[in-house]
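Chemist:
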Amino acid sequence: MSEKKLALHTFPIGNLGCNCSILYSPTTREAIAIDPGNDAESFLARVAKLNVKVKYLLHTHAHFDHIGHADIVRKKIGTPIYLHKDDLFLYEALKQQAMFFGASVAEPEGIDRFIEDEEEFGLEDSQLKKVLKSIHTPGHTPGSCSFYCEMLEEPMLFSGDTLFANSIGRTDLPGGDYDQIIHSIKKRILTLDPETIVIPGHGASTVLHHESRHNPYLK
Ligand SMILES: [Zn+2]
Ligand SMILES: [Zn+2]
């Protein structure tokens, strides 16, 4: 049996069960994490258990349940924080967001790199130079991004709070826009390979062709 080039570990984290995904090379143990969430302790415990070195933290958007403890993780293991610039206002309001969740965090210390639309993210491993491609999918928040991966057995989309199984992200929070989220999903997500497995920001995974046919918001 040939060894897999890329491995994926997804698990819910924090009090709202944000789906965190860790993509890693089984040989070099380098990793990319998507949405480390708001529980640094359990995130770091997973990282230790997987025995990986996380190179950077990608964020689908800057809601507290997805990015709340990114600063704490960066302090502990030196992993840079990546976010689309249009969500900077949410990241800068992290303390207020935390309060809303009945939690508290320190003043955020800044984003290391802004994610561009259609940017490619990879690892040092020569076979894994291109692991993910960002797709700017505003609507849930202005800086919401999805990440597309063609390095696993099936194409895979990490859709954040943009597309869920049989649902879509809410648009009634600051910066949300209903027409924009529908446009993002129809023009940027439903145009991908229909066999794509979607891992949303919360809840069960789904398949794109199921959503294009049955998601009540996309009729
Ligand atoms: Zn959200
Ligand atoms: Zn969320």
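Mapped onto my numbering, the consecutive letters of the sequence shown carry residue numbers 10 to 228.
Backbone N, C-alpha and C fix where the C-beta goes; we use that ideal spot for every residue, glycine too.
1. For a test of the three-state rule: what should DSSP assign to Val82, helix, strand or coil?
2. Among the residues of its own chain, which have a CB less than 7 Å from the CB of Met10, if the five just before and after it don't count?
3. Alpha carbon to alpha carbon, how far is Pro164 from Ala112? Give it in angstroms, no decimals.
4. Flag Leu97 as yes when its Cβ comes closer than 8 Å to any non-hydrogen atom of ligand 3, and as no otherwise.
5. Got a list of residues with beta-carbon closer than 6 Å to any non-hydrogen atom of ligand 1, in chain order?
6. Hey, how far is the Cα of His223 from the Cα of Asn175?
7. In terms of residue numbering, what span does the beta strand (DSSP E) encompassing His145 cover?
8. Identify the continuous alpha helix (DSSP H) that holds His75 and give its terminal residues.
9. Taking a contact to mean a Cβ-Cβ separation below 9 Å, would you say Leu141 touches Leu67 in this structure?
10. Using the C-alpha atoms, what's the distance from Ile120 back to Ser97?
11. Hey, how far is the Cα of Glu159 from the Cα of Ile208?
12. Have a look at Ile191, His75, Ala107, Met108 and flag the residue whose alpha-carbon is nearest the alpha-carbon of Leu92.
13. Judging by CA-CA distance, which residue of Gly77, Pro89, Lys139, Gly46 is the nearest neighbour of Tyr33?
14. Would DSSP call Met230 helix, strand or coil?
15. Leaving out the 5 sequence neighbours to the left and right, which residues in its chain are closer than 7 Å to Gly131 when beta-carbon positions are compared?
16. For Phe52, which of helix, strand or coil comes out of DSSP?
17. How far does the alpha helix (DSSP H) with Ala16 in it extend, from its first residue to its last?
18. Please state the DSSP three-state secondary structure of Lys62.
19. Give me the residue from Gly23, Ala49, Ile194, Val56 with the minimum Cα distance to Gly148.
20. From Ile144 to Glu125, what distance separates their C-alpha atoms?
21. Please go through the same chain and pick out, in chain order, the residues whose beta-carbon is closer than 6 Å to the beta-carbon of Asp202, but skip the five residues on each side of it.
22. If you drop the 5 nearest sequence neighbours on each side, which residues of the same chain put their C-beta closer than 6 Å to that of Ala107?
23. Is Gly77 buried or exposed, if buried means 16 or more other CB atoms sit within 10 Å of its CB?
Modeler: If we stick to the structure as given:
1. helix
2. Confidence in Met10 is poor, its pLDDT being 45 and thus under 50, which makes the residue's placement too unreliable to answer from.
3. 36 Å
4. This structure does not include ligand 3; its bound ligands are ligand 1 and ligand 2.
5. His70, His72, His149, Asp170
6. 7 Å
7. 141-145
8. 73-76
9. yes
10. Note that residue 97 is Leu in the sequence shown here, rather than Ser. Cα to Cα, the separation comes out at about 8 Å.
11. 14 Å
12. His75
13. Lys139
14. Because the chain is modelled from 10 through 228, residue 230 falls outside the range shown and cannot be assessed.
15. Leu137, Lys138, Lys139, Val140
16. helix
17. Segment 16-22 is the beta strand (DSSP E) holding Ala16; no alpha helix (DSSP H) there.
18. strand
19. Ile194
20. 8 Å
21. Pro164
22. Phe73, Ser113, Val114
23. buried
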